[in-house]
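J.: Residue numbers (our numbering): 9 to 209.
Where a beta carbon is used, it is the ideal one built from N, C-alpha and C, also for glycine.
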Amino acid sequence: MLEDWWKVIWTDESALNVGGTPGPVYVTRKASEEYDASCLLPQFANLKLETIHVWGCFCGNQRGPLIFWDKSTMGPQITAKRYCDHILPHLERVWLGVSRQTEDDVYILQDGASVHTAKYTSQVLREKGLFNYLFPWVSKSPDLNLIEGVWRLIKARINARHQQPQKMILCVLLFNRSGRPSIPRILIIYLLVWLQGFRPC
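(1) Is the separation between the beta-carbon of Asp93 and that of Asp20 shorter than 8 Å?
(2) In chain order, what residues of the same chain lie with their CB nearer than 8 Å to the CB of Lys136, ignoring the 5 residues before and after it?
(3) Determine, using beta carbons only, whether Ile75 and Val123 come nearer to each other than 8 Å.
(4) So Val16 and Tyr91 are in contact, right, with Cβ under 8 Å, and what is the actual spacing, rounded?
(5) Mind checking which residues open and close the alpha helix (DSSP H) that includes Arg37?
(6) Of the residues Thr59, Trp18, Tyr141, which one's Cα is nearest the Cα of Asp112?
(7) If you follow the beta strand (DSSP E) that Tyr91 is part of, which residue opens it and which one closes it?
(8) Who pairs with Ser22 in a beta bridge, going by DSSP?
(9) Would you say His61 and Ala23 are within 8 Å of each other, going by their C-beta atoms?
(10) Have a look at Thr1 and Pro73 and give me their C-alpha separation to the nearest angstrom.
(11) Could you please give the first and the last residue of the uninterrupted alpha helix (DSSP H) stretch that includes Tyr128?
(12) Given Trp103, which residues of its chain have a CB within under 8 Å of its CB, disregarding the five upstream and five downstream residues?
(13) Do you know whose CA, among Gln70, Gln109, Gln131, Glu41, lies nearest Ala88's CA?
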């Protein structure tokens with residue numbers, strides 16, 4: 009039974025916030041620590057939170073590629089066509105590799121997001137011969153996709169490593185001249201975290 013789960017490619021997208029946190033930050037402190045530096049986060053009015061969308065997959069102890077959605081080349085939003093153009097080729101390569109390795113049927117688990125269930129995506133999956141290998145996803149079902157735990161682990165490690173800058177000079181190092189997050193630096197951190205603990209396909 010456990011061996012069957014090693015024949016499932018767990019795949020999903022996630023949003024990673026760069027440059028801060030998207031909502032309020034709560035601190036547990038004593039009344040006397042209200043203005044203690046350890047209980048405060050710096051805020052810079054000219055810096056804006058940016059969200060990076062990323063797609064990844066794994067099967068057993070093998071990790072697939074980690075694809076960062078580059079809005080300048082891939083488009084501002086993930087649509088069914090863009091998903092098929094930029095993500096599905098990577099998923100297909102992973103599926104072919106694992107299928108050859110196991111010499112057995114390998115299934116793909118992706119959630120019920122509109123880009124996954126769109127008619128265009130279903131048509132492309134049929135053309136590639138992958139449609140019959142999709143794990144059925146019941147609408148309104150709890151998200152039991154194992155990659156969700158991986159996303160939580162990555163976000164926790166990034167938050168632990170990539171602290172909020174304590175001084176403006178550090179902020180300048182982390183951000184480029186336009187005041188936007190310096191994506192290449194942060195992507196390197198994400199890649200290092202992703203590569204830990206998984207054997208390449």
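T.: The answer reads as follows:
(1) no
(2) Leu96, Glu100
(3) Not closer than 8 Å, so no.
(4) With a Cβ gap of about 20 Å, Val16 and Tyr91 do not count as contacting.
(5) Arg37 -> no alpha helix (DSSP H), and no H or E assigned at all.
(6) Tyr141
(7) It is not in any beta strand (DSSP E) - Tyr91 instead sits in the alpha helix (DSSP H) that spans 88-94.
(8) Val62
(9) yes
(10) Limits of the chain in this structure are 9 at one end and 209 at the other, which puts residue 1 out of reach.
(11) Residues 127-136.
(12) Apart from the 5 residues on each side of it in sequence, Trp103 sits with its Cβ closer than 8 Å to the Cβ of Ile17, Val114, Ile116, Leu138, Tyr141 in its chain, given in chain order.
(13) Gln131
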